[in-house]
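> These protein sequence lines map, in sequence, to chains A and B.
Position 107 (the first sequence) corresponds to 1148 in the working numbering; numbering is contiguous.
Position 332 (the second sequence) corresponds to 336 in the working numbering; numbering is contiguous.
For each residue, glycine too, the CB sits at the ideal point set by N, CA and C.
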Amino acid sequence: MEKMKMMLVDDEERYLSTTQKLLSKKGYDALTAGSGTEALEKLKTQNIHVVILDVKMPGMDGIETLREIKKHFPLVEVIMLTGHATVESAVDGLKAGATDYLMKPADIDDIVNKAEEAFAKRQRLEEKIRMAQSRTYMKSPREILKESGGSEA
Amino acid sequence: MEKNNHYASMKKLILASMILLPLIPFTLTLMIGYSHFTSSIESTTVDSMKRIIGDHRHMIESFLEERKANLEFVLHSYTFEELSQPENLHDIFIRLQKESNAFVDIGVFNEEGVHVAYEGPYKLTGKIYKETDWFIEVMKKDHYVSNIYLGFRQIPHFIIAVVREAEGRKWVIRATIDSYLFNTMVKKVLIGKTGEAYLLNTEGIFQTDRRSGGNFLDTDPDYKKYPAFSLSPEAADIETFIISDIKGDKYLYATTWLKNKKWLLVVRQEKADAFHELRIASYLIIIICLIGGGVIVATAFYLTEKIVSRISQTDTEKGQLQEQLIRAHRLAELGEMAAGFAHEINNPLQIIKSEQSLIEMNLTEMKEKAVLPPSESTEEIADSMKQIKLQIDRCSAITQAILKFGRQSKPVIQDVDLRNFIPEVLNMVAKKASVHGIDVEQKIAQNTPQIHGDPGQLQQVLLNLYNNAIDAVVERHGSQGGKLMIKTGRTDNGKVGIAVTDNGAGISAENQKKIFSPFFTTKPVGKGTGLGLSVCYGIIDSMGGTMTVSSEKGVGTTFTIYLPIA
């Protein structure tokens, strides 16, 4: 089974490094990014399953970064980390495609739990995709021709 | 203090104008009316006095004229010789007495003043009067009326003498007039209770006695004050004036000289009596003044009190409204600031928390790997770690509360029927209340109207109030004897009232003022953020309502929420 790969996105350098250490001690592989732009760059080159994204960041903020991620990497699960303990910012995030949200200050165990959940969801999704694709392969070549012809028409 | 002065001076101003404005025309009317009435009554009284004295003078003069005419008739009807016969004189006297019983005696004198004949009660025949004043006078003037005097008879009387000249000689007849009868006639004037009439001679001596004191032949103590004595006798016909007599009583006088200019007829009446009607009118005016003035003053006081209290009430309401507005504004600002502040605190908190986790994890590892042998120090570190974690959680609880307070979420507004809603919310604390032995009572009026609001927010407010009430009750009563009452209904000014009353410890007046301020709490450190009630206040305010508190230390507290009807 594939191992979960996380990425932490926050503008607080120290938080990133400490959390990374914590996660690795717990046996998780975690990347870090100090800004939304950096996160998007890293997503292009690495296969990352779960992103833990701070809502409030200088430059490109959390919600904006989330939209970009969902646009280019729709399968990536995103967990919002909000300093605002209000439902609104969480709702905004969920509406924009986030899987879940966490409130600051979040416990490391909570982060791990939510990340695992998100990863499991992602795996279920990938499973479905694989199933769907394999069903497509099992169709007759005529059907496939017909489908592609129909869509072209 | 300054405000009180302001009201006091406003009160004075209103009071002064409300009393003075109606009082001026009121008094003016009364005064003008009174002065006209007075002058009219005075002139009427004086006129009637003049008429009376005129009539009276006429009567007295007629009497004197008639007596003189009687004597002249006798004088011309008989010769000196005839008159000198006592028998004849007797007959004549009897006839005269038939004419007027005022004749006391009659005497006949020759040119030398010898009393030739006499008819009367005295023996005067033969006496010589040549040197007496009256005889000298009568010889000069043809007739004479004496002052009233006692003479050697020691009885008041006066004489009338007339002269006849014929055949080269003069003779005189003289009659004595009964002063008693004359006196009665002069006195016979009746005006009011104190009206009286009397005669004075030119020296101010009473020629008739005066009813109110003043004996015949005494000097009138006041006569020098009469204008008739200072002016020349020819000057005026009838004089009227008001002077006080020697006793200090004021009199209205009318005086006139008789035709002979020897006697002054005086008619006088006590002023109070003469102007009796005037006095009644003055009493009436005084009574009207007092009652009217009293009514004006009372009305002024009543209305002023009303106006000023209304103004002060309006001012207070205005002040309260302004205070509420300021408070709401301040709360909103504070909320925003607090939210920003809490948000900023959360970031470092997150880092601290991570660091703490890392330390803890490392510590555990070191223990497991036996790098760090268990000792008292490691125990202490572990304890400190636990404490740090606890305090971080406490901080985060505070920031969460602040964020909740400062949030500007859009509430989900809907119609709420309090008749169902209140019991539902109350059920949530029913268990807690019963644990603490609190008797919960609901008084939900069936006419409680629906309101507009976010049920979640309203629930938050109510739960907050209930929890506060329960805390206060427990503080005072422990787990027995507590009471919590929830009352709803339509208020008189068209709002919905929700009152939460407890019989808990109560809130001091000082604290009542600050109770809705954020971060104000009376609970021990760590037990309350002091945001609960200010959040409630903000919620109720955003629903267009108000929230008030009334409390008495050691009796209980009532929080009342007023919300607009849906």
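Determine contact between the stretch 445 to 462 of chain B and the stretch 487 to 494 of chain B, defined as no fewer than three beta-carbon pairs at a distance below 8 Å.
yes
> Residue 1124/A versus chain B: which residues are under 7 Å apart at the beta carbon?
As a working mapping, residue 1124/A is identified with position 83 in the first sequence. The contacting residues are 347, 350 and 351.
> Helix, strand or coil: which one does DSSP assign to residue 232/B?
Indexing the second sequence from 1 puts residue 232/B at position 228. Note: residue 232/B maps to helix in three-state DSSP.
> Could you check whether the stretch 495 to 510 of chain B touches the stretch 462 to 474 of chain B, counting it as contact only if at least three pairs of C-beta atoms, one from each stretch, sit closer than 8 Å?
Contact between the stretch 495 to 510 of chain B and the stretch 462 to 474 of chain B is established, with three or more Cβ pairs separated by less than 8 Å.
> Would you report the Cα separation of residue 147/B and residue 284/B, rounded to the nearest angstrom?
On the second sequence, residue 147/B is found 143 positions in, with the first residue counted as 1. On the second sequence, residue 284/B is found 280 positions in, with the first residue counted as 1. For residue 147/B and residue 284/B, the distance between alpha carbons rounds to 51 Å.
> Might you give, ordered along the chain, the residues of its own chain that have their beta carbon closer than 8 Å to the beta carbon of residue 71/B, omitting 5 neighbours on each side?
Position 67 of the second sequence, counted from the first residue, corresponds to residue 71/B. Answer for residue 71/B: 104, 106, 107, 164, 179 and 181, listed in chain order.
> Taking 9 Å as the threshold (beta carbon to beta carbon), is residue 1066/A in contact with chain B?
Working through the first sequence from its first residue, we reach residue 1066/A at position 25. Chain B, which has a Cβ nearer than 9 Å to the Cβ of residue 1066/A, makes this yes.
> For a contact defined as C-beta to C-beta under 7 Å, what are the partners of residue 1146/A on chain B?
In the first sequence, counting from the first residue as 1, residue 1146/A sits at position 105. The contacting residues are 350, 353, 354, 357, 396 and 400.
> May I ask you to list, following chain order, the residues of the stretch 1050 to 1083 of chain A that have a beta carbon less than 7 Å from some beta carbon of chain B?
1053, 1055, 1056, 1059, 1060, 1062, 1063 and 1066
> Taking Cβ positions only, does residue 1136/A come closer than 9 Å to chain B?
Position 95 of the first sequence, counted from the start, is the residue given in the question as residue 1136/A. So no, residue 1136/A is outside the interface.
> In the structure shown, what three-state DSSP assignment does residue 144/B receive?
The residue you call residue 144/B lines up with position 140 of the second sequence. If DSSP states are grouped into helix, strand and coil, residue 144/B belongs with the helices.
> Pick helix, strand or coil for residue 519/B, following the three-state DSSP scheme.
As a working note, residue 519/B is residue 515 in the second sequence. DSSP places residue 519/B in coil when its eight states are reduced to three.
> For the alpha helix (DSSP H) that contains residue 335/B, what are its first and last residues?
For the purposes of this step, residue 335/B is taken as residue 331 along the second sequence, with counting starting at 1. Residues 280 to 372.
> Using a beta-carbon distance cut-off of less than 9 Å, what residues from the stretch 358 to 380 of chain B approach chain A?
358, 359, 361, 362, 365, 366 and 369
> Ends of the beta strand (DSSP E) at residue 90/B?
Reading the second sequence from its first residue, position 86 is the one you call residue 90/B. No beta strand (DSSP E) holds residue 90/B; the alpha helix (DSSP H) holding it covers 90 to 103.
> Which same chain residues end up closer than 6 Å to residue 19/B when comparing Cβ atoms and leaving out the 5 residues on each side of it in sequence?
Reading the second sequence from its first residue, position 15 is the one you call residue 19/B. For residue 19/B, where only same-chain residues beyond five positions count, the Cβ hits under 6 Å are 304 and 308.
> Would you kindly check if the distance between the Cβ of residue 446/B and the Cβ of residue 396/B is under 9 Å?
The count along the second sequence starts at 1 and reaches residue 396/B at position 392. The count along the second sequence starts at 1 and reaches residue 446/B at position 442. Not in contact: residue 396/B and residue 446/B (Cβ atoms no closer than 9 Å).
> At 9 Å on the CB atoms, spell out the chain B contacts of residue 1149/A, in chain order.
Taking the first sequence and counting its residues from 1, the one referred to as residue 1149/A is at position 108. Under the 9 Å cutoff, chain B gives 357, 358, 361, 362 and 365.
> What did DSSP end up calling residue 473/B once you bin it into helix, strand or coil?
Numbered from its first residue, the second sequence carries residue 473/B at position 469. Note: residue 473/B maps to helix in three-state DSSP.
> Taking only beta-carbon atoms, is residue 463/B less than 9 Å away from chain A?
As a position in the second sequence, residue 463/B is number 459, starting the count at 1. No, no contact with chain A.
> How many Å lie between residue 66/B and residue 41/B at the Cα?
As a first step, residue 66/B is located in the second sequence; it is residue number 62 there, counting from the start. As a first step, residue 41/B is located in the second sequence; it is residue number 37 there, counting from the start. Each residue's alpha carbon lies about 37 Å from the other.
> So, with DSSP's three-state summary, where would you put residue 443/B?
Counting from 1 along the second sequence, the entry for residue 443/B is found at position 439. The three-state secondary structure of residue 443/B, taken from DSSP, is strand.
> Does any C-beta atom of chain B lie closer than 9 Å to the C-beta of residue 1093/A?
Position 52 of the first sequence, counted from the start, is the residue given in the question as residue 1093/A. So, not an interface residue.
> Whole angstroms are fine: how far does the CA of residue 23/B sit from the CA of residue 14/B?
Position 10 of the second sequence holds residue 14/B. Position 19 of the second sequence holds residue 23/B. When rounded, the distance between both Cα atoms is 14 Å.
> Could you pull out every residue in the same chain whose Cβ sits closer than 8 Å to the Cβ of residue 312/B, ignoring the five residues on either side in sequence?
Counting from one through the second sequence, the residue named residue 312/B turns up at place 308. For residue 312/B, where only same-chain residues beyond five positions count, the Cβ hits under 8 Å are 11, 14, 15 and 18.
> Quick check for students: name the residue ranges of the beta strand (DSSP E) that lie wholly in the stretch 1056 to 1129 of chain A, counting only runs of 3 or more.
Fully enclosed beta strand (DSSP E) runs of no fewer than 3 residues occupy 1070 to 1074, 1091 to 1095 and 1118 to 1123 of the stretch 1056 to 1129 of chain A, in order along the chain.
> Count Cβ pairs between the stretch 113 to 126 of chain B and the stretch 79 to 90 of chain B that sit closer than 8 Å; are there 3 or more?
yes
> For residue 249/B, does the three-state DSSP call read helix, strand or coil?
Within the second sequence, numbered from 1, the residue matching residue 249/B stands at position 245. Note: residue 249/B maps to coil in three-state DSSP.
> To the nearest whole angstrom, what separates the beta carbons of residue 543/B and residue 465/B, a pair I think is in contact under 8 Å?
Counting from 1 along the second sequence, the entry for residue 543/B is found at position 539. Counting from 1 along the second sequence, the entry for residue 465/B is found at position 461. Going by Cβ atoms, the distance from residue 543/B to residue 465/B rounds to 5 Å, so yes, they are a contact pair.
> Any idea if residue 200/B is buried or exposed, counting beta-carbon neighbours within 10 angstroms, 16 or more meaning buried?
For the purposes of this step, residue 200/B is taken as residue 196 along the second sequence, with counting starting at 1. Classification of residue 200/B: buried, given that the 10 Å Cβ count is 16 or more.
> Would residue 209/B and residue 222/B be called neighbours here (beta carbons separated by less than 9 Å)?
Residue mapping note: residue 209/B aligns to position 205 of the second sequence, counting from 1. Residue mapping note: residue 222/B aligns to position 218 of the second sequence, counting from 1. For residue 209/B and residue 222/B, yes; Cβs fall inside 9 Å.
> Rounding to the nearest angstrom, what Cα-Cα distance links residue 1084/A and residue 1142/A in this structure?
Here residue 1084/A refers to the residue found at position 43 when the first sequence is read from its first residue. Here residue 1142/A refers to the residue found at position 101 when the first sequence is read from its first residue. So the alpha carbons of these two residues sit roughly 20 Å apart.
> What is the residue span of the alpha helix (DSSP H) that residue 216/B lies within?
Start at 1 with the first residue of the second sequence, and residue 216/B comes out as number 212. First-last for residue 216/B: undefined, no H or E at that position.
> Does any residue of chain B have a CB that is nearer than 9 Å to the CB of residue 1097/A?
As a first step, residue 1097/A must be located in the first sequence, where it is residue number 56. Yes, its Cβ sits closer than 9 Å to a Cβ of chain B.
> Check the C-beta distance from residue 1089/A over to residue 1119/A and give it rounded, since I have them as a contact under 8 Å.
For the purposes of this step, residue 1089/A is taken as residue 48 along the first sequence, with counting starting at 1. For the purposes of this step, residue 1119/A is taken as residue 78 along the first sequence, with counting starting at 1. Actually they do not touch by this definition, with Cβ atoms about 10 Å apart.
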